[in-house]
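Participant: Following the numbering used here, the numbering of the sequence shown begins with 3 at its first residue and continues without gaps.
Think of the CB as a built atom: it goes at the ideal place given N, C-alpha and C, for glycine as much as any other residue.
None of the values given here were measured: they were computed from a predicted structure.
The structure's right below; bear with me while I get my questions together.
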Amino acid sequence: MSSQPFVHLHCHSQYSMLDGANRLGDLITKVKDCDMNAVAVTDHGNLYGAFEFYNMAKANDIKPIVGYEAYIAPGARSDRSASRMKEASFHLTLLAMNRTGYFNLIKLASQAYLEGFYYRPRIDKEILEKHSEGLICLSGCAAGELSQLFLKEKWDEARKLTEWYMKVFDDRFYMEIQNCGLEIQEYCAKHTIEFANEMGLPLVATNDAHYLNKEDSAAHDILLCVSTRATRSDEKRMRMESNEFFVRTPEEMYAAFPGHEEAVAITQEIADRVNIELEENPQHYPVFTPPNNLTDTEYLRKLCLERMESRYGDEATQAHYDRLDFELCVIEKMGYSSYFLIVWDFVRFSEEKKIPCQARGSACGAIVAYLLGLSNVCPLKYDLLFERFLDPSRSEPPDIDIDFCRDRRQ
Numbered sequence: 003m004s005s006q007p008f009v010h011l012h013c014h015s016q017y018s019m020l021d022g023a024n025r026l027g028d029l030i031t032k033v034k035d036c037d038m039n040a041v042a043v044t045d046h047g048n049l050y051g052a053f054e055f056y057n058m059a060k061a062n063d064i065k066p067i068v069g070y071e072a073y074i075a076p077g078a079r080s081d082r083s084a085s086r087m088k089e090a091s092f093h094l095t096l097l098a099m100n101r102t103g104y105f106n107l108i109k110l111a112s113q114a115y116l117e118g119f120y121y122r123p124r125i126d127k128e129i130l131e132k133h134s135e136g137l138i139c140l141s142g143c144a145a146g147e148l149s150q151l152f153l154k155e156k157w158d159e160a161r162k163l164t165e166w167y168m169k170v171f172d173d174r175f176y177m178e179i180q181n182c183g184l185e186i187q188e189y190c191a192k193h194t195i196e197f198a199n200e201m202g203l204p205l206v207a208t209n210d211a212h213y214l215n216k217e218d219s220a221a222h223d224i225l226l227c228v229s230t231r232a233t234r235s236d237e238k239r240m241r242m243e244s245n246e247f248f249v250r251t252p253e254e255m256y257a258a259f260p261g262h263e264e265a266v267a268i269t270q271e272i273a274d275r276v277n278i279e280l281e282e283n284p285q286h287y288p289v290f291t292p293p294n295n296l297t298d299t300e301y302l303r304k305l306c307l308e309r310m311e312s313r314y315g316d317e318a319t320q321a322h323y324d325r326l327d328f329e330l331c332v333i334e335k336m337g338y339s340s341y342f343l344i345v346w347d348f349v350r351f352s353e354e355k356k357i358p359c360q361a362r363g364s365a366c367g368a369i370v371a372y373l374l375g376l377s378n379v380c381p382l383k384y385d386l387l388f389e390r391f392l393d394p395s396r397s398e399p400p401d402i403d404i405d406f407c408r409d410r411r412q
């Protein structure tokens, strides 16, 4: 770790569409080369790269801090009265401390698109408060609501807003300052520092890194031109007014904030508060709820035994029952009873609606599939192996392929 503790808590990857120019792999490589032990990715209004970033950082022994630069509406997220994009939302930096915070970020990002989209995917204070557990909140860049109130000299409103964030986030709220050489940042930082001192809040220094190195600013400028459908020769177009929005080294960050070294160092303390452990490739199957308080295993066995008569009649032998018992034991042991019931349920629905469907492939080697009506092939008659479908020695989940008639299948 660097002798000067610092962690980037405000970075944009390529998933900040047509704005971020940091490729995740390159970002993590630079962080590692600069002896930093953690990094946050805070893409604009989405978590598209969160899981890729998490896995990539973990693989490189870098602590991943999953973040989200939210667009927060000035009022209700349903209000679409703003006439311009800048009036429709402010920026806010959110970081997940733990699994609870990570899942709250997912909820916020989803609801922003589903309920708050107006120019951009927006949350509001109502859902932010509802899903604030496990989140660290930084007050935001110059486009943040607090900074915008400073620019309008609305000091009382700024104080009320700060108090609201203190109430919601308690010791997880930090006053964010930035210095990329812009006058607006200098002005906002001055008043942010004053408010932090007055209200006893910690300061944190970030760099709003949109690209990897200083020399990448020209390429990033072209990216902004693509985003805004402008040309570089257009003097009135949107542009970054400096080339300092890159992934600085710890030494460069301390040099950028003379007299506020604690605000730089506290980034490491914030990173140390973060501990996210996510499952690798988790399987989340739907849950089937059997009737009469039966377990899924009991209900699956009941259905199969009831259908032995209709499928085989007098031709059912001990071999059929032995095969059924073997398959059910394997299915229960591997935890797939509910999975079979779910497939049976939608096949039954399809048949009731007169939509032809049929299983194919290795699932036809299961007498359970035959008895449930998923397949019309008796595996014993054709010497089909159940183990081709579900082998106790393999960890891969089974795959019941069901073909539906193309008419009405959607």
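What separation, rounded to the nearest whole angstrom, lies between the Cα atoms of E117 and P123?
Facilitator: Within the sequence shown, numbered from 1, the residue matching residue 117 stands at position 115. Within the sequence shown, numbered from 1, the residue matching residue 123 stands at position 121. In a straight line, the C-alpha of E117 is about 8 Å away from that of P123.
Participant: Taking the straight line between their C-alpha atoms, what separation do you get for A75 and N215?
Facilitator: As a working mapping, residue 75 is identified with position 73 in the sequence shown. As a working mapping, residue 215 is identified with position 213 in the sequence shown. Approximately 32 Å between the Cα atoms of the pair.
Participant: So what does P66 bridge to, in DSSP terms?
Facilitator: Walking along the sequence shown from the start, residue 66 turns up at place 64. In the DSSP output, where bridge partners are listed per residue, P66 has V41.
Participant: Can you tell me which of F406, L374, E389, C407 puts its alpha carbon nearest to the alpha carbon of P399?
Facilitator: Mapped onto the sequence shown, residue 399 falls at position 397. Cα-wise, what sits closest to P399 is E389.
Participant: By DSSP, does N106 sit in helix, in strand, or in coil?
Facilitator: For the purposes of this step, residue 106 is identified with residue 104 of the sequence shown, where counting begins at 1. Helix, per DSSP.
Participant: Using the rule of at least 16 other Cβ atoms within 10 Å of the residue's Cβ for burial, across every protein chain shown, is I224 buried or exposed?
Facilitator: Counting from 1 along the sequence shown, the entry for residue 224 is found at position 222. Exposed, because fewer than 16 other Cβ atoms sit within 10 Å of the Cβ of I224.
Participant: Between which two residues does the beta strand (DSSP E) carrying M177 extend?
Facilitator: Indexing the sequence shown from 1 puts residue 177 at position 175. Counting along the chain, the beta strand (DSSP E) containing M177 begins and ends at 175–180.
Participant: Between the beta-carbon of A42 and the beta-carbon of L11, is there less than 9 Å?
Facilitator: Numbered from its first residue, the sequence shown carries residue 42 at position 40. Numbered from its first residue, the sequence shown carries residue 11 at position 9. Yes, the Cβ-Cβ distance between A42 and L11 is below 9 Å.
Participant: Would you mind stating whether A111 and I67 have Cβ atoms separated by less than 9 Å?
Facilitator: Residue 111 sits at position 109 when you count from the first residue of the sequence shown. Residue 67 sits at position 65 when you count from the first residue of the sequence shown. Taking 9 Å as the Cβ cut-off, A111 and I67 do not qualify as a contacting pair.
Participant: Indicate whether the contact test is met: 3 or more Cβ pairs, each with one atom in the stretch 140–148 and one in the stretch 167–183, closer than 8 Å.
Facilitator: They touch, by the three-pair rule.
Participant: Does the Cβ-Cβ distance between R101 and G136 come in under 9 Å?
Facilitator: Numbered from its first residue, the sequence shown carries residue 101 at position 99. Numbered from its first residue, the sequence shown carries residue 136 at position 134. Closer than 9 Å, so yes.
Participant: Can you tell me where the alpha helix (DSSP H) holding F171 begins and where it ends?
Facilitator: Residue numbering aside, residue 171 sits at position 169 when the sequence shown is read from its first letter. Start and end: 157–171.
Participant: Could you please give the first and the last residue of the uninterrupted alpha helix (DSSP H) stretch that includes L184?
Facilitator: Start at 1 with the first residue of the sequence shown, and residue 184 comes out as number 182. That residue, L184, is in no alpha helix (DSSP H); it is neither H nor E in DSSP.
Participant: Determine the DSSP secondary structure at V370, reduced to helix, strand or coil.
Facilitator: Sequence index remark: in the sequence shown, residue 370 carries index 368 (1-based). V370: helix per DSSP, three-state reduction.
Participant: Please return the same chain residues whose Cβ sits closer than 7 Å to the Cβ of N62, not counting the five positions on each side in sequence.
Facilitator: Stepping through the sequence shown from its first residue, residue 62 is reached at position 60. Excluding residues within five positions, the ones whose Cβ falls inside 7 Å are I30, K34.
Participant: Could you say which of L343, G315, V276, M310 lies nearest to D298 if we only look at CA atoms?
Facilitator: The sequence position of residue 298 within the sequence shown is 296, counting from 1. Comparing Cα positions, the closest option is L343.
Participant: When the Cα atoms are used, what is the spatial distance from H322 to F391?
Facilitator: Numbered from 1 along the sequence shown, position 320 holds the residue referred to as residue 322. Numbered from 1 along the sequence shown, position 389 holds the residue referred to as residue 391. Each residue's Cα considered, the two are about 18 Å apart.
Participant: From Y73 to I402, what distance separates their C-alpha atoms?
Facilitator: If you number the sequence shown from 1, residue 73 lands on position 71. If you number the sequence shown from 1, residue 402 lands on position 400. Whole-angstrom Cα-Cα distance: 42 Å.
Participant: Please report how far the alpha carbon of L184 lies from the alpha carbon of K192, in whole angstroms.
Facilitator: As a working note, residue 184 is residue 182 in the sequence shown. As a working note, residue 192 is residue 190 in the sequence shown. Approximately 13 Å, taken between the alpha carbons.
Participant: Which partner residues does E71 have in the DSSP bridge list?
Facilitator: Working through the sequence shown from its first residue, we reach residue 71 at position 69. For E71, which the question treats as bridged, DSSP gives the partners H46, T95.
Participant: Could you give the distance in angstroms between the alpha-carbon of E281 and the alpha-carbon of Y287?
Facilitator: Along the sequence shown, one-based indexing puts residue 281 at 279. Along the sequence shown, one-based indexing puts residue 287 at 285. Straight-line Cα distance between these residues: approximately 15 Å.
Participant: In whole angstroms, what separates the C-alpha of A232 from that of I404?
Facilitator: Working through the sequence shown from its first residue, we reach residue 232 at position 230. Working through the sequence shown from its first residue, we reach residue 404 at position 402. Using only the alpha carbons, I get a separation of about 50 Å.
Participant: Do you know offhand how far Y115's Cα is from K88's?
Facilitator: Position 113 of the sequence shown holds residue 115. Position 86 of the sequence shown holds residue 88. The alpha-carbon atoms of Y115 and K88 are separated by roughly 18 Å.
Participant: Which residue marks the beginning of the beta strand (DSSP E) containing D210, and which one marks its end?
Facilitator: Along the sequence shown, one-based indexing puts residue 210 at 208. Neither: D210 is in no beta strand (DSSP E) and is coded neither H nor E.
Participant: Please report the Cβ distance between Y213 and F248, rounded to the nearest whole angstrom; I am assuming they are in contact, meaning their Cβ atoms lie under 8 Å.
Facilitator: Taking the sequence shown and counting its residues from 1, one reaches residue 213 at position 211. Taking the sequence shown and counting its residues from 1, one reaches residue 248 at position 246. Rounded, the Cβ-Cβ distance is 5 Å, consistent with contact.
Participant: For S5, which option in E54, L373, A267, L153 has the closest C-alpha, if you only look at C-alpha atoms?
Facilitator: Within the sequence shown, the letter at position 3 stands for residue 5. When only C-alpha atoms are compared, the closest one is A267.
Participant: If we ignore side chains and look at the alpha-carbon of each, how far apart do L2 and S134 end up?
Facilitator: The first residue shown for the chain is 3 and the last is 412, placing residue 2 beyond what the model contains.
Participant: By a C-beta neighbour count over all protein chains shown, 10 Å radius and 16 as the cutoff for buried, is S18 buried or exposed?
Facilitator: Taking the sequence shown and counting its residues from 1, the one referred to as residue 18 is at position 16. Answer is buried; the Cβ neighbour count reaches 16.
Participant: Suppose you measure from the CA of R250 to the CA of S339; what does that come to, to the nearest Å?
Facilitator: Here residue 250 refers to the residue found at position 248 of the sequence shown. Here residue 339 refers to the residue found at position 337 of the sequence shown. Between R250 and S339, the C-alpha separation is close to 54 Å.
Participant: Would you identify the three-state DSSP class for F197, choosing helix, strand or coil?
Facilitator: As a first step, residue 197 is located in the sequence shown; it is residue number 195 there, counting from the start. The answer is helix: DSSP assigns F197 an H, G or I state.
Participant: Quick one: what's C359 bridged to in DSSP?
Facilitator: Stepping through the sequence shown from its first residue, residue 359 is reached at position 357. Paired residues: F406.
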